[in-house]
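One structure is given below, encoded as structure tokens.
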Amino acid sequence: MKSIKNPINKFIQLETSSSIILFAATVSALILANSAFSETYLGIWKNEITFSIPGFTLSKPMLKWINDGLMAVFFFLIGLEIKREIYTGELSSIKKASLPLIAAVGGMIVPATLFTVLNGGQPGSHGWGIPIAADIAFTLGILKLLGNRVPSGLKIFLMAFAIIDDLGAVLIIAFFYSSGLVWTYILIGLAIVALLMFLSKKGYYTKYLFFLGGAIVWILFLKSGIHPTIAGVLMAFTIPLQRKTNTQIFYTTAKENLNSFVEDCKTNGENTVLTKKQMDAIDELDDLTEKTAPPLQYLEHRLHGWVSYIIMPLFAFANAGVIFSFGGQSNFALSTNIAISLFLGNALGIFIFSYLSIKLKIAELPKNVTFFQLIGISFLGGLGFTMSLFINNLAFSDQALIDSAKMGILIGSLLAGSMGYIILKIALKKEVK
Numbered sequence: 012m013k014s015i016k017n018p019i020n021k022f023i024q025l026e027t028s029s030s031i032i033l034f035a036a037t038v039s040a041l042i043l044a045n046s047a048f049s050e051t052y053l054g055i056w057k058n059e060i061t062f063s064i065p066g067f068t069l070s071k072p073m074l075k076w077i078n079d080g081l082m083a084v085f086f087f088l089i090g091l092e093i094k095r096e097i098y099t100g101e102l103s104s105i106k107k108a109s110l111p112l113i114a115a116v117g118g119m120i121v122p123a124t125l126f127t128v129l130n131g132g133q134p135g136s137h138g139w140g141i142p143i144a145a146d147i148a149f150t151l152g153i154l155k156l157l158g159n160r161v162p163s164g165l166k167i168f169l170m171a172f173a174i175i176d177d178l179g180a181v182l183i184i185a186f187f188y189s190s191g192l193v194w195t196y197i198l199i200g201l202a203i204v205a206l207l208m209f210l211s212k213k214g215y216y217t218k219y220l221f222f223l224g225g226a227i228v229w230i231l232f233l234k235s236g237i238h239p240t241i242a243g244v245l246m247a248f249t250i251p252l253q254r255k256t257n258t259q260i261f262y263t264t265a266k267e268n269l270n271s272f273v274e275d276c277k278t279n280g281e282n283t284v285l286t287k288k289q290m291d292a293i294d295e296l297d298d299l300t301e302k303t304a305p306p307l308q309y310l311e312h313r314l315h316g317w318v319s320y321i322i323m324p325l326f327a328f329a330n331a332g333v334i335f336s337f338g339g340q341s342n343f344a345l346s347t348n349i350a351i352s353l354f355l356g357n358a359l360g361i362f363i364f365s366y367l368s369i370k371l372k373i374a375e376l377p378k379n380v381t382f383f384q385l386i387g388i389s390f391l392g393g394l395g396f397t398m399s400l401f402i403n404n405l406a407f408s409d410q411a412l413i414d415s416a417k418m419g420i421l422i423g424s425l426l427a428g429s430m431g432y433i434i435l436k437i438a439l440k441k442e443v444k
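Under our numbering, the residues of the sequence shown are numbered 12 to 444, in order.
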């Protein structure tokens, strides 16, 4: 059990600390957008950045490079997490996956339907996908505030739910928020992905070839009309889970290299510059470490820090800045509808679908978890933020609608997070008594 809990706790610690940076980036963006520096802040993201090699030029505003480029790395990491969970984690069996899967379906269907009903024929109807996804960093950050009283089963459920929720959001982006499709580029991109999957399965994996293939697929999808971040998810499924060497070989070879390093240190003493023998031992250990960890797990481990501490905060800083003005009654209605759909739609969808699946014996309530706690987690599912802001940029081209939707996302996420925290705090106190 300890072997299961340790990686979970490590993951939660990483996501929790990143949620603080994410929150700081969001607050900074809001302050700058509503200050004397507003014009400068908003203008920065419009600056063109050009990438050029002989025969090929790609020029985009900085905001697009963040949303289309850096966020592809974020989606690549999501893809790695989904693949790992499907093969070895909480989604590896129907029994394990049933409750978070059903909860995620409820957390997508109900808020999307509620938004559509509330919005009617008003401007912004294309934004139905905005309230469907949860923000794992913020939700785990809130759980961390509640301390060690939170049952491990509740944390595992939340992580599995969030991963499935992200997968649902990815599919919605691919099928409903892509336009003007150029099928030639799409098919070439898919063919490259299929080829890389085949090579991976046969054991022919080199990170440089796969990086080059990923870059080509990203460009093809960018030109095809499908959002290029989908390339990140697909590329994740080309990364193998198989290891090149086993743990016994790692242990034996590592021990030999460490002994060699120690002996050379004894012979030559402590010097500022390492000897060739010492450097060879370090290089061998470095190569051995990379071969022992599955490529998927190795990349996931390496990317988590970059995504959590740099990419997501930068995305929030670039996208969360909104001037506090609803710009008319129709835009006020859009903000309200998104806020309600995030706050109530997710809570109702997640809890009702989960409750019915448990009562109908389709799924099981996690160990030491109560229905009252499940209500709290259901509200936390409405804390959309990162994915909601991302879909917002795809749903609308009118800046007034984008800004109004941002207001709704911020208000709805704040309400959902606060309510989830309050309910869980009461529920956990009751359990202690």
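Using N, Cα and C, we set each Cβ at its ideal position, and we do this for glycine too. Computed from a prediction, not measured in an experiment: that's the story for all the values here.
Proximity below 8 Å, CB of residue i to CB of residue j
i: Val121; j: Leu359; result: yes
i: Ile143; j: Ala185; result: no
i: Ile203; j: Val244; result: no
i: Gly225; j: Met246; result: yes
i: Gly356; j: Phe168; result: no
i: Ala292; j: Phe261; result: no
i: Glu96; j: Ile174; result: yes
i: Ala242; j: Ala438; result: no
i: Met398; j: Ala123; result: no
Presumed contact (8 Å Cβ cut-off) between residue i and residue j, rounded CB distance
i: Phe364; j: Ala114; result: 6 Å
i: Phe390; j: Ile420; result: About 16 Å separates the two Cβ atoms, so there is no contact after all.
i: Ser33; j: Phe149; result: The question names Ser, yet the displayed sequence has Leu at residue 33. The Cβ separation is near 7 Å, so the contact holds.
i: Pro239; j: Pro305; result: About 26 Å; that fails the 8 Å criterion.
i: Leu345; j: Ala427; result: Their Cβ separation, rounded to whole angstroms, is 18 Å, which puts Leu345 and Ala427 out of contact at 8 Å.
i: Leu394; j: Ser424; result: 5 Å
i: Leu88; j: Leu314; result: 5 Å
i: Gly135; j: Phe407; result: 7 Å
i: Ile147; j: Met170; result: 7 Å
i: Ile183; j: Ser235; result: Contact doesn't hold; Cβ gap of about 18 Å is too wide.
i: Thr303; j: Thr263; result: Incorrect: roughly 12 Å between the Cβ atoms, too far for contact.
i: Ile369; j: Gly431; result: Contact doesn't hold; Cβ gap of about 19 Å is too wide.
i: Ser29; j: Ser336; result: With 8 Å as the limit, Ser29 and Ser336 do not qualify as a contact, their Cβ atoms being about 30 Å apart.
i: Ser109; j: Ala374; result: 4 Å
Candidates the options: closest to residue i by CA position
i: Thr347; options: Phe86, Asn268 and Ile141; result: Ile141
i: Ser39; options: Ile434, Leu385, Ser368 and Pro324; result: Pro324
i: Thr61; options: Phe67, Lys71 and Leu53; result: Lys71
i: Phe232; options: Leu355, Ala47 and Gly80; result: Gly80
i: Ser46; options: Val333, Ala35 and Ala145; result: Val333
i: Gln289; options: Leu269, Asp298 and Ile434; result: Leu269
i: Met208; options: Ala265, Lys94, Gly152 and Val193; result: Lys94
i: Ile31; options: Leu210, Ile153, Glu311 and Gln133; result: Ile153
i: Leu74; options: Leu110, Asn58 and Thr286; result: Asn58
i: Gln253; options: Phe222, Gly280, Tyr216 and Leu223; result: Tyr216
i: Glu295; options: Lys370, Glu267, Lys106 and Ala350; result: Glu267
i: Lys436; options: Leu53, Tyr366, Ser29 and Leu157; result: Leu157
i: Lys440; options: Gly54, Val193, Asn159 and Ala145; result: Asn159
i: Lys107; options: Leu405, Ile413 and Lys378; result: Lys378
Beta-carbon proximity list for residue i, same chain, < 8 Å, skipping 5 on both sides
i: Ser429; result: none
i: Lys417; result: Asn330, Ala331, Val333, Leu400 and Asn403
Cβ-based neighbour list, residue i, same chain, cut-off 7 Å, excluding 5 preceding and 5 following
i: Tyr309; result: Glu301
i: Ile77; result: Leu325, Phe326 and Ala329
i: Ile433; result: none
i: Thr286; result: Asp275 and Asn279
Residues near residue i in its chain [Cβ-Cβ closer than 6 Å; skip 5 each side]
i: Val380; result: Pro162, Gly164 and Leu165
i: Ala331; result: Thr37 and Ala40
i: Asp177; result: Ile89
i: Leu376; result: Ile369
i: Ala350; result: Gly419, Ile422 and Gly423
Point to revise | Complete beta strand (DSSP E) runs within the segment 214-243 (minimum length 3 residues, chain order) | key: none
Check your understanding: At what residue ranges does the segment 139-220 contain a whole run of the alpha helix (DSSP H), taking only runs of 4 or more?
Key -> 147-156, 163-187 and 194-212
Review point. Of all the beta strand (DSSP E) runs that stay within the bounds of the segment 383-437, which reach a length of 3 or more residues?
Key: none
Exercise for review: May I have a chain-ordered list of the beta strand (DSSP E) segments no shorter than 3 residues that lie completely inside the segment 61-106?
Suggested key: 67-72
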